[in-house]
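Sequences listed follow chains A and B, in order. The first sequence lines up with residues 1 to 359 when you count with the UniProt record's numbering. The second sequence lines up with residues 1 to 387 when you count with the UniProt record's numbering. Below is one structure; the comments refer to it alone.
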Amino acid sequence: MAYLRSILRSGKNGVPAVLRREFHRTLPAAMQVTVRDAIKEAMDEELERDERVFLLGEEVALFEGAYKVTRGLWKKYGDKRIIDTPIAEIGFTGIAVGAAMAGLRPVVEYMSFNFSMQSVDHIINSAAKTYYMSGGLQPVSIVFRGPNGAAPGVAAQHAQCFAAWYGHVPGLKVVSPWSAEDAKGLLKSAIRDDNPVVFLENEIMYSVPFEMSEESQSKDFLIPIGKAKIERKGNHVTLVSHSHVVSRCMDAAAVLAKDGIECEVINLRTIRPMDMEAIETSVMKTKHLITVEGGWPQFGVGGEILARIMEGPGFGYLNAPAVRVTGVDIPMPYAKLLEENTLPQIKDIVFSVKKMLNV
Amino acid sequence: MPINVFIIIRKSQGSRVVVSARSFADLTPQASFDIKRCDLHRLDEGPSVQTVLTREDGLRYYRTMQTVRRMELKADQLYKQKIIRGFCHLYDGQEACAVGIEAGINPTDHLITAYRVHGYTYTRGVSVKEILAELTGRKGGIAKGKGGSMHMYAKNFYGGNGIVGAQVPLGAGVALACQYQAKNEVCVTLYGDGAANQGQIFEAFNMAALWKLPCIFICENNKYGMGTSVERASASTDYYKRGDYIPGLRVDGMDVLSVREATRFAADYCRYGKGPILMELQTYRYHGHSMSDPGVSYRTRDEIQEVRGKSDPITMLKDRMISNNMASLEEIKDIDAEIRKEIEEAAQFATSDPEPPLEDLCNHIFFNDTPFEVRGTSPWVKLKSIS
Numbered sequence: 001m002a003y004l005r006s007i008l009r010s011g012k013n014g015v016p017a018v019l020r021r022e023f024h025r026t027l028p029a030a031m032q033v034t035v036r037d038a039i040k041e042a043m044d045e046e047l048e049r050d051e052r053v054f055l056l057g058e059e060v061a062l063f064e065g066a067y068k069v070t071r072g073l074w075k076k077y078g079d080k081r082i083i084d085t086p087i088a089e090i091g092f093t094g095i096a097v098g099a100a101m102a103g104l105r106p107v108v109e110y111m112s113f114n115f116s117m118q119s120v121d122h123i124i125n126s127a128a129k130t131y132y133m134s135g136g137l138q139p140v141s142i143v144f145r146g147p148n149g150a151a152p153g154v155a156a157q158h159a160q161c162f163a164a165w166y167g168h169v170p171g172l173k174v175v176s177p178w179s180a181e182d183a184k185g186l187l188k189s190a191i192r193d194d195n196p197v198v199f200l201e202n203e204i205m206y207s208v209p210f211e212m213s214e215e216s217q218s219k220d221f222l223i224p225i226g227k228a229k230i231e232r233k234g235n236h237v238t239l240v241s242h243s244h245v246v247s248r249c250m251d252a253a254a255v256l257a258k259d260g261i262e263c264e265v266i267n268l269r270t271i272r273p274m275d276m277e278a279i280e281t282s283v284m285k286t287k288h289l290i291t292v293e294g295g296w297p298q299f300g301v302g303g304e305i306l307a308r309i310m311e312g313p314g315f316g317y318l319n320a321p322a323v324r325v326t327g328v329d330i331p332m333p334y335a336k337l338l339e340e341n342t343l344p345q346i347k348d349i350v351f352s353v354k355k356m357l358n359v
Numbered sequence: 001m002p003i004n005v006f007i008i009i010r011k012s013q014g015s016r017v018v019v020s021a022r023s024f025a026d027l028t029p030q031a032s033f034d035i036k037r038c039d040l041h042r043l044d045e046g047p048s049v050q051t052v053l054t055r056e057d058g059l060r061y062y063r064t065m066q067t068v069r070r071m072e073l074k075a076d077q078l079y080k081q082k083i084i085r086g087f088c089h090l091y092d093g094q095e096a097c098a099v100g101i102e103a104g105i106n107p108t109d110h111l112i113t114a115y116r117v118h119g120y121t122y123t124r125g126v127s128v129k130e131i132l133a134e135l136t137g138r139k140g141g142i143a144k145g146k147g148g149s150m151h152m153y154a155k156n157f158y159g160g161n162g163i164v165g166a167q168v169p170l171g172a173g174v175a176l177a178c179q180y181q182a183k184n185e186v187c188v189t190l191y192g193d194g195a196a197n198q199g200q201i202f203e204a205f206n207m208a209a210l211w212k213l214p215c216i217f218i219c220e221n222n223k224y225g226m227g228t229s230v231e232r233a234s235a236s237t238d239y240y241k242r243g244d245y246i247p248g249l250r251v252d253g254m255d256v257l258s259v260r261e262a263t264r265f266a267a268d269y270c271r272y273g274k275g276p277i278l279m280e281l282q283t284y285r286y287h288g289h290s291m292s293d294p295g296v297s298y299r300t301r302d303e304i305q306e307v308r309g310k311s312d313p314i315t316m317l318k319d320r321m322i323s324n325n326m327a328s329l330e331e332i333k334d335i336d337a338e339i340r341k342e343i344e345e346a347a348q349f350a351t352s353d354p355e356p357p358l359e360d361l362c363n364h365i366f367f368n369d370t371p372f373e374v375r376g377t378s379p380w381v382k383l384k385s386i387s
């Protein structure tokens with residue numbers, strides 16, 4: 001299992017700062033790579049591999065990305081492959097889907113998935129449904145990516161999590177990576193996938209470095225869409241999470257371990273199709289399930305997991321009703337104290353585990 | 001030398017049938033026609049006001065328009081018999097647009113339109129049989145019965161789009177792909193007078209002009225967006241000017257030759273890097289907005305009759321060809337009879353072909369993917385999806 005150090009959260013020293021990456025340099029065995037750089041590497045490698053791949057979005061070219069994710073790509077690939085768009089989400093999303101219909105492989109960047117609401121008609125009606133409606137005549141190979149969910153201080157209109165909204169739609173694949181390896185392997189798979197993929201990044205994770213195995217540095221390193229990963233093995237309770245909240249689960253697991261409670265932390269990696277088999281296998285072992293997410297509770301990712309556990313073989317193994325830990329059911333406030341208390345904190349996860357286990 | 005041969009056949013009941021066989025050496029192979037001058041926006045010159053029509057082309061346009069007309073009327077019939085359900089937006093009256101546009105572009109060019117799509121589906125190469133069978137929801141339909149009236153596709157033809165205005169950025173995107181792949185192809189992107197007020201159209205205009213995309217934007221102005229006349233919907237009804245910085249032309253959409261000439265002009269303009277261009281086709285639909293709309297609550301029957309009487313595109317072409325001795329009445333009648341037969345056979349197929357099998361229910365969710373399980377209506381029902 002990959003050994004993770006996250007500087008920003010634990011505050012431990014001793015881990016060197018992120019090494020500057022250059023393209024095509026031969027890399028040593030294992031490397032510290034930020035999620036941001038992993039995403040960029042994925043796009044760089046896929047741009048190089050397939051002429052039909054191109055990027056478009058606001059500020060992706062000259063400005064090098066609002067969050068600097070696309071730094072260097074425009075200089076390398078030029079205007080044809082890296083396109084700055086005007087602020088016209090529904091327009092450029094429609095254009096990207098049309099280009100995909102005509103055989104190209106666009107990667108659309110939203111400066112925030114909150115802005116994708118302007119484009120949602122194209123993502124769903126023009127992209128997701130088309131292969132089905134055409135009886136298999138018209139595929140749409142496209143990736144929609146960008147930061148999703150909470151970010152510090154951005155407040156209500158910029159902090160919504162769209163995992164449940166997009167996860168609702170047949171015809172879409174929805175991916176939510178956590179680590180750098182997740183980001184790289186899953187984005188490469190998403191770009192190579194011949195179907196519409198919504199790729200939900202998170203701003204909080206962009207600067208977090210992770211160790212990337214030697215294997216993951218290969219240009220053909222792919223992580224299959226639809227498979228979860230067990231980030232930490234344990235016997236007492238299953239924590240299922242996605243995106244930045246996985247970090248909090250890992251931290252909560254470390255705290256609980258001191259009290260002898262061993263959590264199994266599952267990183268979903270993909271929201272749709274969801275890896276229920278991994279969750280069920282874990283639940284059959286631990287007999288306790290808590291889903292943890294940053295999104296709102298009503299009709300959320302956790303709600304779906306619990307419903308499926310009820311309907312599946314896992315239910316018979318539960319020693320306690322499964323429970324969801326979610327964001328608070330309110331628009332995201334601005335003030336730091338209020339914001340902190342809107343997302344599940346480490347103490348909330350610890351509290352929920354102890355409550356469930358009756359300790 | 002013209003040869004007129006009269007054959008008299010005495011039938012058993014005593015009736016006589018006279019058949020006249022006439023050599024085609026009689027008829028004019030081509031003629032020049034005057035067409036209306038187009039109104040221009042930001043253009044110094046427009047399409048030519050004269051065009052040459054060959055007999056061959058003329059007959060082909062006639063046949064195609066008449067096929068579309070008869071196909072749409074058959075769809076009307078099938079809808080009233082409840083064999084076609086849901087949405088059905090008919091194109092009769094507007095045939096000159098679809099046929100004229102196709103005549104002005106190459107098969108390797110691209111086209112996308114909205115939901116009034118049956119005519120374009122035909123001109124872009126799908127058979128009447130497959131169109132009607134899609135309308136009746138059978139497995140022999142072009143989309144295997146899974147799409148219906150508004151979701152038909154073919155090579156270089158991207159539907160068939162149900163969301164008003166959405167097809168316009170999509171079309172600009174196809175044009176982007178044309179530019180990207182550098183094959184000198186163009187994309188014809190159609191929308192109606194109703195859609196012309198959609199914001200995303202202006203976003204598409206901006207990017208098309210900015211990036212000089214080879215996109216021919218065409219507004220089919222049939223004067224009514226559903227039940228709302230153009231005056232009640234648009235602050236400016238000069239749709240050909242509403243591309244602002246994009247040059248535009250306003251064309252008589254009831255004359256197939258005008259449409260062809262204008263399309264040729266537009267394709268020439270944007271094919272080689274000058275950027276997008278906008279065409280407004282002034283046309284008319286005989287039916288209401290859809291089969292649920294009788295079409296007379298917001299316009300008068302007199303208006304409809306007048307257009308039928310004075311500007312019907314098929315009649316206009318036929319009269320032109322006959323009065324210029326380019327075709328004979330018998331020939332036209334034969335063509336009509338052939339078309340009637342084709343439509344009948346297609347309708348026969350469309351009403352007898354079976355519906356898609358239930359096994360097909362969950363297929364075609366993803367392309368090029370491994371088969372996967374789909375939840376049925378209850379947790380015990382597990383269905384299968386294959387690409």
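We put the CB at the ideal spot given by N, CA and C, even for glycine. These numbers were taken from a predicted model, which means no experiment stands behind them.
{"Item": "Rounded C-beta distance between A:Ile346 and A:Asp251? I'm assuming under 8 Å.", "Value": "5 Å"}
{"Item": "Please classify B:Tyr79 as buried or exposed, where buried requires at least 16 other C-beta atoms within 10 Å of its C-beta.", "Value": "buried"}
{"Item": "Taking B:Phe372 as the query, report the chain A residues whose CB atoms sit under 7 Å from its CB, ordered along the chain.", "Value": "Pro273"}
{"Item": "Going by C-alpha to C-alpha distance, which of A:Ala102, A:Leu222, A:Lys354 sits closest to A:Leu137?", "Value": "A:Ala102"}
{"Item": "Once DSSP output is grouped into helix, strand and coil, what is the label at A:Glu22?", "Value": "Because A:Glu22 carries a pLDDT of 46, less than 50, the predicted location of this residue cannot be relied on, and the following value inherits that uncertainty. Of the three classes helix, strand and coil, the one that applies to A:Glu22 here is coil, per DSSP."}
{"Item": "Can you check whether the C-beta of B:His89 is within less than 8 Å of a C-beta belonging to chain A?", "Value": "no"}
{"Item": "What in chain A is Cβ-close to B:Asn206, meaning under 9 Å?", "Value": "Pro86, Ala88, Gly91"}
{"Item": "Using C-beta distances below 8 Å, list every residue in its chain close to B:Lys341, excluding the 5 sequence neighbours before and after it, in chain order.", "Value": "none"}
{"Item": "Going along the chain, which residues of its own chain have a beta-carbon closer than 6 Å to the beta-carbon of A:Gln160, five neighbours each way excluded?", "Value": "Asn114"}
{"Item": "The alpha helix (DSSP H) spanning A:Leu337 covers which residue range?", "Value": "336-340"}
{"Item": "With the cut-off set at 8 Å, would you say B:Ala98 and B:Val128 are in Cβ contact?", "Value": "no"}
{"Item": "Look up A:His158 in the DSSP assignment and say whether it is helix, strand or coil.", "Value": "helix"}
{"Item": "Figure out for me which residue from A:Ser213, A:Asp275, A:Ala66 has the closest Cα to the Cα of A:Gly185.", "Value": "A:Ser213"}
{"Item": "Pick out whichever of A:Ala257, A:Met117, A:Ser189, A:Cys263 has its Cα sitting closest to the Cα of A:His236.", "Value": "A:Cys263"}
{"Item": "With distances taken Cα to Cα, identify the nearest neighbour of A:Ser243 among A:Ile95, A:Gly295, A:Tyr166.", "Value": "A:Gly295"}
{"Item": "Taking contact to mean 3 or more Cβ pairs, one atom from each stretch, closer than 8 Å, check whether the region 107-121 of chain B and the region 164-171 of chain B are in contact.", "Value": "yes"}
{"Item": "When you compare the CB of A:Glu22 with every CB in chain B, is at least one pair closer than 8 Å?", "Value": "Here A:Glu22 scores only 46 on pLDDT, less than 50, and its place in the model should not be relied on; the value that follows carries that caveat. Taking Cβ atoms only, chain B never reaches closer than 8 Å to A:Glu22, which makes this a no."}
{"Item": "Nearest CA to the CA of B:Ala31: which residue from B:Gly86, B:Glu338, B:Gly288, B:Asn325?", "Value": "B:Asn325"}
{"Item": "Using beta carbons (cut-off 8 Å, strictly below), is B:Phe367 in contact with chain A?", "Value": "yes"}
{"Item": "Going by CA-CA distance only, name the one from A:Ile124, A:Val350, A:Ala30 that's closest to A:Phe255.", "Value": "First, the residue type needs correcting, since residue 255 of chain A is Val and not Phe in the sequence shown. Considering only alpha carbons, the answer is A:Val350."}
{"Item": "So which residues on chain C does B:Gly171 lean against when the C-beta distance must stay under 8 Å?", "Value": "Among the protein chains of the structure shown, namely A and B, there is no chain C."}
{"Item": "Can you tell me whether DSSP reads B:Pro371 as helix, strand or coil?", "Value": "coil"}
{"Item": "Using DSSP bridges, identify the partner residues of B:Thr51.", "Value": "B:Phe33"}
{"Item": "By a C-beta neighbour count over all protein chains shown, 10 Å radius and 16 as the cutoff for buried, is A:Met310 buried or exposed?", "Value": "exposed"}
{"Item": "Can you tell which of B:Arg124, B:Val164, B:Asp76, B:Ala166 has its C-alpha closest to the C-alpha of B:Met152?", "Value": "B:Arg124"}
{"Item": "Suppose contacts are defined by Cβ-Cβ distances below 8 Å. Is B:Leu59 in contact with B:Ala327 by that definition?", "Value": "yes"}
{"Item": "Starting from B:Val174, find everything on chain A with Cβ-Cβ shorter than 8 Å and list it in chain order.", "Value": "Gly98, Ala99, Met101, Ala102"}
{"Item": "Run through the region 201-229 of chain A for me and flag every whole alpha helix (DSSP H) of 4 or more residues, listed as ranges in chain order.", "Value": "203-206"}
{"Item": "Which same chain residues, not among the five before or five after A:Tyr132, have their C-beta less than 7 Å away from its C-beta?", "Value": "Gly171"}
{"Item": "Would you list the residues sitting across from B:His41 in a DSSP beta bridge?", "Value": "B:Gly248"}
{"Item": "Strictly below 8 Å CB to CB, what residues from chain B border A:Tyr131?", "Value": "His364, Ile365, Phe366, Phe367"}
{"Item": "How many Å lie between B:Pro214 and A:Pro152 at the Cα?", "Value": "43 Å"}
{"Item": "When the Cα of A:Thr34 is compared with those of A:Thr93, A:Ser207, A:Ala183, A:Met111, which residue comes out closest?", "Value": "A:Ser207"}
{"Item": "Which value, in whole angstroms, describes the spacing of the CA atoms of B:Gly140 and B:Leu43?", "Value": "46 Å"}
{"Item": "Is the Cβ of A:Lys80 closer than 8 Å to any Cβ of chain B?", "Value": "yes"}
{"Item": "Would you call the region 67-84 of chain A in contact with the region 30-45 of chain A, where contact means no fewer than 3 C-beta pairs closer than 8 Å?", "Value": "yes"}
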